[in-house]
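Chains as they are written, first to last, in UniProt numbering: chain A, 1 to 127; chain B, 1 to 830.
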Amino acid sequence: MFTELEKYKKAEQSEEIIWFKAASVSAFPENGGACVKYKDLQIAVFNFTRRNEWYACQNLCPHKMQMALSRGMIGSCGEEPKVACPFHKMTFSLKNGNNLDGDECSIITYPVKVEDGFVFIGFDQNY
Amino acid sequence: MKKVVVIGNGMVGYKFCEKLRAKDPGKQFEITVFGEEPWPAYDRVHLSAYFSGKKANDLLLASRSWYRENQIDLRTKELIVLIDRENKCVLSHLGHKIHYDYLILATGASAFVPPIQGVEKRGVFMYRTLEDLESMMQYGQKAKSAAVIGGGLLGLEAAKAVLDMGLKTHVIEFAPRLMPRQLDEAGSGLLQSKLEELGISIHLNKNTREIKGNGKLTGLEFADGSFLEVDMLVVSAGIKPRDELAEKAGLEKAARGGFVVNEFLQTNDPDIFAIGEAASYNNMVFGLVAPGYEMATQVVNQLLQNEVRPFTGYDMSTKLKLIGVEVGSFGDAFGESEPSKPIVYENKSKGIYKRINISEDGKRLLGGILVGDTSVYSMLLQMVQNNMPLPPEPEDLILGARGGDKEIGAGVDALPSTAQVCSCENISKSDLCEVISEGVHEIDALKKCTKAGTGCGGCMPLIKDLLHAELKALGKNVKNVVCEHFDYSRQELLDLIKVRGIKTYDALLDEFGEGDGCEVCKPLVASLLASTWNDLVVLQDTIQDTNDRFLANIQKGGTYSVVPRIPGGEITPDKLIVIGEVAKKYGLYTKITGGQRIDMFGARVDELPDIWEELIDAGFESGHAYGKSLRTVKSCVGTTWCRYGVQDAVSFAIRVEERYRGLRSPHKLKGAVSGCTRECAEAQSKDFGIIATEKGWNLYVCGNGGSKPQHAVLLANDLDDETCLKYIDRFLMFYIKTAEPLNRTATWLNKMEGGIAYLKDVVVNDCLGLGEELEKEMAFMIETYSCEWKEVVNNPSLRAKFKHFVNAEEKDPTVGFQPMRGQKRPVDWS
Ligand code: SRM
Ligand SMILES: Cc1cc2nc3c(=O)[nH]c(=O)nc-3n(C[C@H](O)[C@H](O)[C@H](O)COP(=O)(O)OP(=O)(O)OC[C@H]3O[C@@H](n4cnc5c(N)ncnc54)[C@H](O)[C@@H]3O)c2cc1C
Ligand code: SF4
Ligand code: FES
Numbered sequence: 001m002f003t004e005l006e007k008y009k010k011a012e013q014s015e016e017i018i019w020f021k022a023a024s025v026s027a028f029p030e031n032g033g034a035c036v037k038y039k040d041l042q043i044a045v046f047n048f049t050r051r052n053e054w055y056a057c058q059n060l061c062p063h064k065m066q067m068a069l070s071r072g073m074i075g076s077c078g079e080e081p082k083v084a085c086p087f088h089k090m091t092f093s094l095k096n097g098n099n100l101d102g103d104e105c106s107i108i109t110y111p112v113k114v115e116d117g118f119v120f121i122g123f124d125q126n127y
Numbered sequence: 001m002k003k004v005v006v007i008g009n010g011m012v013g014y015k016f017c018e019k020l021r022a023k024d025p026g027k028q029f030e031i032t033v034f035g036e037e038p039w040p041a042y043d044r045v046h047l048s049a050y051f052s053g054k055k056a057n058d059l060l061l062a063s064r065s066w067y068r069e070n071q072i073d074l075r076t077k078e079l080i081v082l083i084d085r086e087n088k089c090v091l092s093h094l095g096h097k098i099h100y101d102y103l104i105l106a107t108g109a110s111a112f113v114p115p116i117q118g119v120e121k122r123g124v125f126m127y128r129t130l131e132d133l134e135s136m137m138q139y140g141q142k143a144k145s146a147a148v149i150g151g152g153l154l155g156l157e158a159a160k161a162v163l164d165m166g167l168k169t170h171v172i173e174f175a176p177r178l179m180p181r182q183l184d185e186a187g188s189g190l191l192q193s194k195l196e197e198l199g200i201s202i203h204l205n206k207n208t209r210e211i212k213g214n215g216k217l218t219g220l221e222f223a224d225g226s227f228l229e230v231d232m233l234v235v236s237a238g239i240k241p242r243d244e245l246a247e248k249a250g251l252e253k254a255a256r257g258g259f260v261v262n263e264f265l266q267t268n269d270p271d272i273f274a275i276g277e278a279a280s281y282n283n284m285v286f287g288l289v290a291p292g293y294e295m296a297t298q299v300v301n302q303l304l305q306n307e308v309r310p311f312t313g314y315d316m317s318t319k320l321k322l323i324g325v326e327v328g329s330f331g332d333a334f335g336e337s338e339p340s341k342p343i344v345y346e347n348k349s350k351g352i353y354k355r356i357n358i359s360e361d362g363k364r365l366l367g368g369i370l371v372g373d374t375s376v377y378s379m380l381l382q383m384v385q386n387n388m389p390l391p392p393e394p395e396d397l398i399l400g401a402r403g404g405d406k407e408i409g410a411g412v413d414a415l416p417s418t419a420q421v422c423s424c425e426n427i428s429k430s431d432l433c434e435v436i437s438e439g440v441h442e443i444d445a446l447k448k449c450t451k452a453g454t455g456c457g458g459c460m461p462l463i464k465d466l467l468h469a470e471l472k473a474l475g476k477n478v479k480n481v482v483c484e485h486f487d488y489s490r491q492e493l494l495d496l497i498k499v500r501g502i503k504t505y506d507a508l509l510d511e512f513g514e515g516d517g518c519e520v521c522k523p524l525v526a527s528l529l530a531s532t533w534n535d536l537v538v539l540q541d542t543i544q545d546t547n548d549r550f551l552a553n554i555q556k557g558g559t560y561s562v563v564p565r566i567p568g569g570e571i572t573p574d575k576l577i578v579i580g581e582v583a584k585k586y587g588l589y590t591k592i593t594g595g596q597r598i599d600m601f602g603a604r605v606d607e608l609p610d611i612w613e614e615l616i617d618a619g620f621e622s623g624h625a626y627g628k629s630l631r632t633v634k635s636c637v638g639t640t641w642c643r644y645g646v647q648d649a650v651s652f653a654i655r656v657e658e659r660y661r662g663l664r665s666p667h668k669l670k671g672a673v674s675g676c677t678r679e680c681a682e683a684q685s686k687d688f689g690i691i692a693t694e695k696g697w698n699l700y701v702c703g704n705g706g707s708k709p710q711h712a713v714l715l716a717n718d719l720d721d722e723t724c725l726k727y728i729d730r731f732l733m734f735y736i737k738t739a740e741p742l743n744r745t746a747t748w749l750n751k752m753e754g755g756i757a758y759l760k761d762v763v764v765n766d767c768l769g770l771g772e773e774l775e776k777e778m779a780f781m782i783e784t785y786s787c788e789w790k791e792v793v794n795n796p797s798l799r800a801k802f803k804h805f806v807n808a809e810e811k812d813p814t815v816g817f818q819p820m821r822g823q824k825r826p827v828d829w830s
């Protein structure tokens with residue numbers, strides 16, 4: 001048994017990636033996020049229209065273990081794209097998951113690609 | 001790698017681990033912690049909260065996963081029984097032997113039990129651990145009355161717990177007064193009468209000779225021959241350091257208990273440190289957490305070879321709220337350290353006692369006692385600690401400056417440098433100022449390097465003000481800009497939006513901003529756009545705070561609450577039934593709010609539109625509990641029912657609430673209307689408060705409750721209905737136009753040059769000639785109001801946004817509830 005948090009670590013581990021077809025591009029609000037279900041994971045996927053970029057990370061905020069990040073506001077801090085948790089506004093880099101307010105509790109990010117109007121998220125194939 | 005072993009996983013032992021890991025990210029130490037109790041360290045200071053429904057989990061200082069993530073080997077339920085100094089290892093009761101390079105004794109203390117015959121009887125409890133409380137609670141279910149031995153800090157706390165359990169409560173104190181170490185006779189006399197009012201019996205000068213009963217206690221016999229019949233006894237008469245490991249290990253023990261330490265917290269073995277209540281410095285044990293934390297910090301500094309401040313004692317001043325009575329005792333409370341003169345203020349009817357001790361030359365404050373009102377505690381303590389000069393009339397300190405209506409120091413400048421700004425992270429004004437003077441001039445950077453404001457966030461406005469004041473003092477020209485993305489103040493952005501007719505966040509960012517925005521500027525601009533154009537906020541949902549995005553308040557666990565508007569607090573039985581039915585159908589927790597309406601908690605995001613559809617069908621509309629907007633206008637019954645009423649407060653409150661419903665503003669807005677001067681609607685604690693007079697209404701503005709309560713001030717009197725509304729229109733619009741983000745009206749007024757006199761000039765005398773424009777703008781807002789929930793419910797594409805997964809119809813499987821008093825509550829967060 002993994003704890004909620006450990007599951008996400010396990011799902012990002014190896015180089016062998018499988019691409020999961022999540023939903024069509026139109027399912028994601030512009031400059032905002034929505035939550036995708038993959039097996040027993042919840043993934044926050046962000047359509048960063050302004051930068052023409054897509055990001056994905058765990059939906060679980062490690063601060064108080066809340067399934068919330070997909071409902072957070074996105075933005076930038078300098079060049080770094082970030083998401084702010086709706087609960088206590090802790091912010092995390094969307095690039096590497098680092099906690100931008102301090103060193104504790106970072107999050108896991110996942111690769112995303114868009115093909116034929118669909119959004120795909122990459123997971124460790126063994127997960 | 002060096003190996004650190006900590007014995008004791010209590011408050012101080014935990015703090016040690018936290019600090020060591022925080023200051024040593026490279027993890028040069030391996031840490032193992034032994035705790036005898038079954039759970040990881042918890043907040044003993046708030047132990048009593050267990051009686052008001054807190055669970056063991058709520059009280060944990062960190063979850064087990066925290067220890068794992070920080071690579072701390074936590075072994076709960078494991079008691080260390082032996083320290084073998086020769087081989088540098090410890091032995092646990094399970095037979096495990098662990099080597100250490102440094103050993104930290106954080107074994108705390110246990111309750112001190114006076115040598116009374118019969119303490120082993122059933123029904124006698126200590127008050128120290130969660131397990132103590134658990135067994136007290138169980139036993140208490142069958143008991144009717146209880147006595148607490150000990151009338152000091154801890155004893156009174158235990159008494160409160162027993163009272164909360166619904167038992168007839170007695171407090172037994174050996175000394176002739178309560179809290180003998182903190183209070184003088186007059187102070188404790190006052191405390192005593194307050195406690196007696198609550199139904200607690202106080203027995204002073206009582207020496208308990210024997211605990212009577214056959215196996216189970218039935219009562220107490222005192223040395224004076226008297227007898228008290230009780231079913232339960234809690235012993236809370238002091239603490240006894242847990243130094244039982246000292247003897248066999250050859251560690252020195254103090255006469256009154258505790259491991260003897262030097263100013264570096266070392267025992268007679270330099271590799272063994274003692275911290276917290278287990279340590280005795282200079283024959284003193286420090287029974288509070290703050291000195292324990294300081295000890296932990298200094299030991300961490302030594303291990304990491306950082307600069308160390310020798311520990312030479314600690315200020316034992318205390319302030320607390322005991323059973324609804326505030327008590328403070330600071331510095332030399334009794335004026336015994338040197339010849340001194342006391343100044344005393346006592347108001348028995350109000351239940352206030354204040355005493356300050358002044359040095360003989362009248363130049364310094366030595367200490368004092370406060371009962372019933374401790375609002376000046378921090379300021380006085382600062383004066384003692386920093387040896388600050390006394391004002392010419394020292395009695396002003398406890399009486400307040402009389403005569404003038406000017407309050408003493410409201411702004412950040414008046415805060416002493418040691419004042420705590422962020423209470424979650426314990427960051428003082430001087431900590432922040434230091435970092436600012438080192439060149440950290442951005443709010444985000446300041447947050448990051450001090451951690452201030454990263455907890456509950458409630459102190460952010462104060463931190464911002466402080467940053468600006470400091471930058472000003474450094475000679476910087478500071479402009480109060482919104483964030484890194486907009487080099488404008490809120491007011492400038494509002495003007496730009498109006499003048500350029502800008503309707504979306506993206507357009508504003510493209511034209512006047514840089515970067516990609518953030519969680520600060522997005523909701524701020526959203527609020528400005530709403531205050532200007534009154535468009536539906538959900539149309540630009542991703543720039544809204546989560547509450548505005550989903551038109552509901554997010555709760556612990558990720559569900560939302562639903563608050564329909566109930567104008568003036570008036571509701572028909574039929575509508576009450578609808579609320580009851582809807583709540584029942586969706587399994588929602590219901591509660592009457594502090595704002596005279598009903599909150600339904602625990603709705604999943606996908607249920608919100610369905611719930612609202614039913615409410616709207618029954619004639620309800622959004623209550624905007626989620627927005628920085630008008631909340632409630634509370635009312636009292638007024639002339640229609642009340643024998644004292646002089647105006648119809650309910651009708652007017654409903655009219656006012658319906659006028660301003662949905663109005664977006666820099667912070668939330670609250671109003672109230674009282675039907676006479678008795679003020680049952682608490683109008684003077686509101687952003688705008690209306691109090692009926694024989695001739696009309698008195699209008700008060702800029703009050704609030706919250707953490708820094710402030711009374712509203714009179715703006716105009718004896719107004720008729722229409723003039724009253726006109727003034728409120730002007731007042732609110734002026735506030736919306738000129739206030740800084742997240743400043744309530746009170747804060748806005750405090751910063752306004754010219755204060756209330758100027759505000760009166762603008763609103764009543766129209767000195768800026770803005771009156772008509774402000775009224776027009778308000779008229780536009782009133783005309784264009786529509787219930788946003790109604791729009792969502794009737795619009796399928798908006799409705800589709802209320803969904804947890806985009807690729808599955810499932811609901812969020814992690815949402816969990818547990819039962820409580822016949823309803824539900826979210827499971828605790830870890
Ligand atoms: C539900 C309620 C408590 C209750 O169970 O009674 C409540 C609940 C919350 N209050 Fe409150 N306040 C409630 C009445 C009050 C009152 C009493 C009143 O309105 O008469 C006050 C003091 C009066 C005042 O505001 O001046 C009050 C002062 C606060 C404050 C401090 C404001 C300040 O200026 O210092 C906050 C924090 C904030 O807004 O930044 C706050 C914030 C909150 C939030 C929104 C915190 C949050 O973001 O989660 C709570 C969420 C409620 C929810 O999810 O539905 N609440 N809150 C009350 C709802 C009233 C209503 O019907 O809308
Ligand atoms: C009801 C109550 C209210 C209080 N209110 C306040 C307050 O308002 N303000 C304030 O400043 N202070 C207050 N205190 C005091 C405060 O809780 C203590 O100062 C603080 O907990 C001391 O921390 P510590 O780590 O030294 O000891 P503890 O928190 O007691 O921790 C010591 C731990 O070590 C364990 N242990 C002991 N020996 C061994 C061993 N041989 N092997 C393994 N484990 C061992 C114990 O089981 C215990 O869990 C209050 C205390 C109580 C009981
Ligand atoms: S006081 Fe208000 S904000 Fe604080 S816990 Fe209660 S409801 Fe929440
Ligand atoms: S739960 Fe995400 S910041 Fe607190």
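For each residue, glycine too, the CB sits at the ideal point set by N, CA and C. For clarity, every value in this text was computed on a predicted model and none was experimentally measured.
Please name the residue in Ser707(B), Leu742(B), Phe688(B) whose C-alpha comes closest to that of Lys726(B). Start at 1 with the first residue of the second sequence, and residue 726(B) comes out as number 726. Its Cα nearest to that of Lys726(B), the residue Phe688(B) stands out among Ser707(B), Leu742(B), Phe688(B).
Express the C-alpha separation of Glu326(B) and Phe334(B) in angstroms, rounding to a whole number. To locate residue 334(B), count along the second sequence from 1; it is residue 334. To locate residue 326(B), count along the second sequence from 1; it is residue 326. One C-alpha to the other measures close to 18 Å.
Taking just the CA atoms, how far does Arg256(B) sit from Arg85(B)? Numbered from 1 along the second sequence, position 85 holds the residue referred to as residue 85(B). Numbered from 1 along the second sequence, position 256 holds the residue referred to as residue 256(B). Taking the straight line from one Cα to the other gives about 24 Å.
Reduced DSSP secondary structure (H/G/I, E/B, other) of Asp541(B): Taking the first residue of the second sequence as position 1, residue 541(B) is located at position 541. If DSSP states are grouped into helix, strand and coil, Asp541(B) belongs with the helices.
Can you tell me whether Pro40(B) is helix, strand or coil according to DSSP? In the second sequence, the residue the question calls residue 40(B) occupies position 40. Reduced to three states, the DSSP call for Pro40(B) is coil.
Is Phe51(B) near ligand 2 - that is, is its Cβ less than 7 Å away from at least one heavy atom of it? For the purposes of this step, residue 51(B) is taken as residue 51 along the second sequence, with counting starting at 1. No; taking the cut-off as 7 Å, the Cβ of Phe51(B) has no heavy atom of ligand 2 nearer than that.
Which of the three DSSP states is assigned to Ala603(B) in this structure? In the second sequence, counting from the first residue as 1, residue 603(B) sits at position 603. In the structure shown, Ala603(B) sits in a strand (DSSP, three-state: E or B).
Leu610(B) versus Arg71(A): straight-line alpha-carbon distance, rounded: Walking along the second sequence from the start, residue 610(B) turns up at place 610. Walking along the first sequence from the start, residue 71(A) turns up at place 71. Position check: residue 610(B) holds Asp in this sequence, whereas Leu was assumed. Here the C-alpha atom of Asp610(B) lies approximately 20 Å from the C-alpha atom of Arg71(A).
Output yes if chain A places a C-beta closer than 8 Å to the C-beta of Leu20(B); else output no. In the second sequence, the residue the question calls residue 20(B) occupies position 20. Cβ-Cβ to chain A under 8 Å: no for Leu20(B).
Under 8 Å between C-beta atoms, does Tyr110(A) make it to chain B? The residue you call residue 110(A) lines up with position 110 of the first sequence. Tyr110(A) does not count as touching chain B.
Whose C-beta lies closer than 7 Å to the C-beta of Leu265(B) among residues of the same chain, with five residues either side of it excluded? Translated into positions along the second sequence, residue 265(B) becomes position 265. Residues of the same chain with a CB within less than 7 Å of the CB of Leu265(B), apart from the 5 flanking positions on each side, are Phe273, Ala274, Ile275, Ala279, Met295, Gln298, Val299, Phe311 in chain order.
Uninterrupted beta strand (DSSP E) stretches inside the segment 129–153 of chain B (no shorter than 3 residues): Secondary structure within the segment 129–153 of chain B: the beta strand (DSSP E) runs of 3 or more consecutive residues, fully enclosed, are 145–149 (chain order).
For ligand 4, is there any heavy atom lying closer than 7 Å to the beta carbon of Met388(B)? Position 388 of the second sequence, counted from the start, is the residue given in the question as residue 388(B). No, the beta carbon of Met388(B) sits no closer than 7 Å to any heavy atom of ligand 4.
I'd like to check one pair, Ala49(B) with Leu59(B): are the Cβ atoms closer than 8 Å? Taking the first residue of the second sequence as 1, we reach residue 59(B) at position 59. Taking the first residue of the second sequence as 1, we reach residue 49(B) at position 49. Yes, the pair counts as a contact, with Cβ atoms nearer than the cut-off.
Can Phe46(A) be considered in contact with ligand 4, in the sense that its beta carbon sits closer than 7 Å to one or more heavy atoms? Along the first sequence, read from residue 1 onward, the residue named residue 46(A) stands at position 46. The answer is no for Phe46(A).
How is Lys97(B) classed by DSSP in three states: helix, strand or coil? Locating residue 97(B) in the second sequence gives position 97, where the first residue counts as 1. In this structure, Lys97(B) counts as strand in the three-state DSSP scheme.
Pick from Gln823(B), Asn262(B), Val827(B): whose alpha carbon is nearest that of Pro813(B)? Numbered from 1 along the second sequence, position 813 holds the residue referred to as residue 813(B). With distances taken between Cα atoms, Pro813(B) lies closest to Val827(B).
For Lys39(A), which three-state DSSP category applies? Looking up residue 39(A) in the first sequence gives position 39. For Lys39(A), the secondary structure class from DSSP, reduced to helix, strand or coil, is coil.
Between Asp541(B) and Gly32(A), which are expected to be in contact by the criterion C-beta below 8 Å, what is the C-beta distance as a whole number of angstroms? Against the second sequence, residue 541(B) aligns to sequence position 541. Against the first sequence, residue 32(A) aligns to sequence position 32. In this structure Asp541(B) is in contact with Gly32(A), their Cβ atoms being roughly 7 Å apart against a cut-off of 8 Å.
What is the DSSP secondary structure of Phe273(B), counted as helix, strand or coil? Here residue 273(B) is taken as the residue at index 273 of the second sequence, counted from 1. Three-state DSSP puts Phe273(B) in a strand.
In chain order, what residues of the segment 55–85 of chain B put their CB closer than 7 Å to some CB of chain A? Listed by position, the residues of the segment 55–85 of chain B near chain A (Cβ gap below 7 Å) are Ser65.
Cut-off 7 Å between Cβ atoms - residues of its own chain near Met383(B), not counting five sequence neighbours on either side: Looking up residue 383(B) in the second sequence gives position 383. The residues are Leu365.
Which of helix, strand or coil does DSSP assign to Pro339(B)? Start at 1 with the first residue of the second sequence, and residue 339(B) comes out as number 339. Correct three-state label for Pro339(B): coil.
Near Asn98(A), which residues of its chain fall below 8 Å by C-beta distance, leaving aside the five closest residues on each side in sequence? Position 98 of the first sequence, counted from the first residue, corresponds to residue 98(A). So the list reads Phe92, Ser106, once near-sequence residues are dropped.
Quick one: Cα of Arg44(B) to Cα of Arg128(B), how far? Translated into the one-based positions of the second sequence, residue 44(B) becomes position 44. Translated into the one-based positions of the second sequence, residue 128(B) becomes position 128. Cα to Cα, the separation comes out at about 8 Å.
Whose C-alpha, out of Glu157(B), His711(B), Asp164(B), Glu120(B), is nearest the C-alpha of Lys212(B)? Here residue 212(B) is taken as the residue at index 212 of the second sequence, counted from 1. Nearest to Lys212(B) by C-alpha distance, out of Glu157(B), His711(B), Asp164(B), Glu120(B), is Glu120(B).
Identify whether Gly403(B) lies in helix, strand or coil by the three-state DSSP scheme. Locating residue 403(B) in the second sequence gives position 403, counting from the first residue. With a pLDDT of only 41 at Gly403(B), under the threshold of 50, the placement of this residue in the model should not be trusted, and no figure is reported.
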